[in-house]
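Input: a single structure, listed below in C-alpha cells.
Residue numbers (our numbering), protein chains in the order written: chain A, 381 to 495; chain B, 454 to 569.
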C-alpha cells in the first residue's frame, strides 16, 4: 500500500449503530487529520493529531470520537449519529515541524450515509 | 486569523480554453504557505503545489501555472488549453507558520467544468 488509505470506502448505518472509520498512512508523516465534507459546504476540519497527541478539536459533537494509536493509524469512532452527519469523511497526513509546513496527502474518503 | 477566499463558485469552459482560478488570502504572519489541491469526482484531494511566502516566483508545470503576488495577497492558478480531465473542484489553502499551528485554512473551492 502507498499513500493514505481509508476503509471502508462506503458505509451506511442507522442512527443507533456504532461503527469506526480507519485511516492508515504509509508516508512516514507525523501529523494526521480528519475532515468532513458535506455537499455545498466548506471542507470542515474535525480533528488533528500531531506526534500522536490531539492538538485541536474543532467543536465536533461527542458522537464522533477519534483515536490515534500511533503515527500511522487514525480512527474515527461513530455512535448515535444523525442524518446530517451523512458526508464524505477524508483523512489526511502531513509532515510538520522543523520550521516547515508541508502539503497534506489525502485518502480517498469514506462516503457515510446515516439513515 | 487566516482566511482564504475563492470567489468563483463554478466555472464552465469549453475544451482548449484557458482558465484562471482566483485565490485571495488574508494573514498577519510574514511566514506562511499556500497550496492548491484538486478534487476530481472520485473524491480524493490531490496536492498540486506549495508556495512559501518568501518565494514569489511564478511556477509552471506543463499546462498548469501559478501566479503568486504578495502585493495583492493572491495566488491564482491558470490552466492552459483545458481538457475534460481537468474537470474537478480546486481548493486553495493557507497555513501560517507561527504559533505552532499545523492547521491549514481551505477556501470553499471552485468547481471547474470543462466541456468537450
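In this text, a Cβ means the ideal position worked out from N, Cα and C, and glycines have one as well.
Residue i - partner residues in DSSP beta bridges
i	result
residue 514 of chain B	B:517
residue 556 of chain B	Residue 556 of chain B is not bridged to any residue.
residue 456 of chain B	B:479
residue 467 of chain B	B:568
residue 478 of chain A	The partner list for residue 478 of chain A (beta bridge, DSSP) is empty, contrary to what the question assumes.
residue 545 of chain B	B:489
Classification of residue i by the beta-carbon crowding that lies within 10 angstroms, buried from 16 upward
i	result
residue 539 of chain B	buried
residue 405 of chain A	buried
residue 559 of chain B	buried
residue 483 of chain A	buried
residue 532 of chain B	buried
residue 412 of chain A	buried
Assigned secondary structure, residue i (DSSP; H/G/I helix, E/B strand, else coil)
i	result
residue 466 of chain A	coil
residue 524 of chain B	helix
residue 440 of chain A	coil
residue 418 of chain A	coil
residue 551 of chain B	helix
Beta-carbon separation (whole angstroms), residue i vs residue j, contact threshold 8 Å
i	j	result
residue 461 of chain A	residue 434 of chain A	Rounded, the Cβ-Cβ distance is 20 Å, inconsistent with contact.
residue 536 of chain B	residue 470 of chain B	The pair is not a contact, with the Cβ atoms about 10 Å apart (cut-off 8 Å).
residue 496 of chain B	residue 489 of chain A	4 Å
residue 455 of chain B	residue 480 of chain B	5 Å
residue 417 of chain A	residue 472 of chain A	11 Å between Cβ atoms; not a contact.
residue 528 of chain B	residue 503 of chain B	At roughly 10 Å, the Cβ-Cβ gap does not stay under 8 Å, so residue 528 of chain B and residue 503 of chain B are not in contact.
Notebook entry, point to check: Which residues, taken in chain order from the stretch 496 to 512 of chain B, show a beta carbon closer than 7 Å to some beta carbon of chain A?
Noted result: If the cut-off is 7 Å between Cβ atoms, the stretch 496 to 512 of chain B has 496, 497, 498, 500 and 503 near chain A.
Next item on the list: Taking only beta carbons into account, state which residues of the stretch 420 to 440 of chain A come closer than 7 Å to chain B, listed in chain order.
Entry: Of all residues in the stretch 420 to 440 of chain A, the ones placed with a Cβ closer than 7 Å to any Cβ belonging to chain B are 422, 423, 425, 428, 430, 435 and 436, in chain order.
Notebook entry, point to check: Taking a cut of 9 Å between CB atoms, which residues from the stretch 471 to 489 of chain A lie near chain B?
Noted result: Of all residues in the stretch 471 to 489 of chain A, only 472, 474, 476, 477, 479, 480, 481, 482, 483, 484, 485, 486, 487, 488 and 489 come within less than 9 Å of chain B when Cβ atoms are compared, listed by chain position.
Next item on the list: Output, in sequence order along the chain, the residues in the stretch 390 to 424 of chain A whose CB is closer than 7 Å to any CB in chain B.
Entry: Residues 411, 422 and 423.
Check: Taking Cβ-Cβ distances below 7 Å as the criterion, which residues of the stretch 437 to 469 of chain A are in contact with chain B?
Finding: Cβ contacts with chain B: 468.
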